[in-house]
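Report on the following structure.
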């Protein structure tokens, strides 16, 4: 029988034990649901990334309590976690507020992301198995299908449609580096993704107005995927670097929308 402690380490989630009705049958291990602090974190994190709470906006506990229906304790936990991720700042006099946006920070995040994800992609290309290849192809196809469907709309995209496209985009980039076999690299990548997303999101929203970006992002993604699946790590990393820097240039041209 497998050790329960090992199961906990593999899933990364705590296990709750459910007792039987008569109290005599063997207990069944179940994954515990998200804590209130985790719920608060996810909802506030999403509200910051989608711009509901804009750069520099105060994050007063009373306002957050009313919006999320949660007590101060999980809200403070969420704010502290977001502060550690540099999405929120705090001061003794002003309390918590959303971090400001700046071009210098944006480029710092992008160049750091290139370093982290470049190494993660190199490792994935070297060590990825058939499941990794399937994940990369599957998420690329899902992203391409979603983008094609939404680009054919004769109206501005809804918030839910933008969220769907963003989720598909995030899943594809996560799949590319998914075989890096380094929890630290993947965690840092996720944090940097969130930090750059605050800058990139207004560019995504601008697409709902039918404004051409001048880029063939589908072709960029496809080229990265093909290089990765051919196990050409150097080529894949170079394409990823160019992809992120083009995004940085687009953000810089449209910075007033994000700020």
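Residue numbers (full-length UniProt numbering): 1 to 259.
Yeah, the Cβ is synthetic: ideal placement off N, Cα and C, and Gly gets one too.
Predicted model only: the values in this text are computed from it and were never measured.
- Taking a cut-off of 8 Å for Cβ pairs, the segment 50-70 and the segment 95-102 touch, as three or more such pairs fall below it.
- The Cβ-Cβ distance between residue 241 and residue 116 does not fall below 8 Å.
- Short of 6 Å from the beta carbon of residue 179, and not among the five residues preceding or following it, lie these beta carbons of its own chain, in chain order: 124, 127, 128, 132.
- The residue from 88, 68, 38, 36 with its alpha-carbon nearest to that of residue 54 is 88.
- According to DSSP, residue pairing for residue 89 in a beta bridge involves 97.
- With a threshold of 16 other beta carbon atoms within 10 Å, residue 63 falls short and is exposed.
- In this structure, DSSP gives residue 58 an extended state, which the three-state scheme calls strand.
- By the C-beta criterion, the segment 139-148 is judged to be in contact with the segment 160-180, since at least 3 inter-stretch pairs fall below 8 Å.
- Judged by DSSP secondary structure, residue 112 falls within the alpha helix (DSSP H) whose first and last residues are 103-127.
- The three-state secondary structure of residue 47, taken from DSSP, is helix.
- For residue 196, the number of other beta carbons within 10 angstroms of its own is at least 16, and it is reported as buried.
- Within the same chain, and ignoring the five residues on either side of residue 76 in sequence, the residues whose Cβ sits closer than 8 Å to its Cβ are 61.
- Secondary structure at residue 142: helix, using DSSP grouped into helix, strand and coil.
- Distance from the CA atom of residue 103 to the CA atom of residue 227, rounded to whole angstroms, is 31 Å.
- A residue is called buried once 16 or more other Cβ atoms fall within 10 Å of its Cβ, and residue 82 is buried on that count.
- In this structure residue 192 touches residue 112 by the C-beta definition: roughly 6 Å separates them, less than 8 Å.
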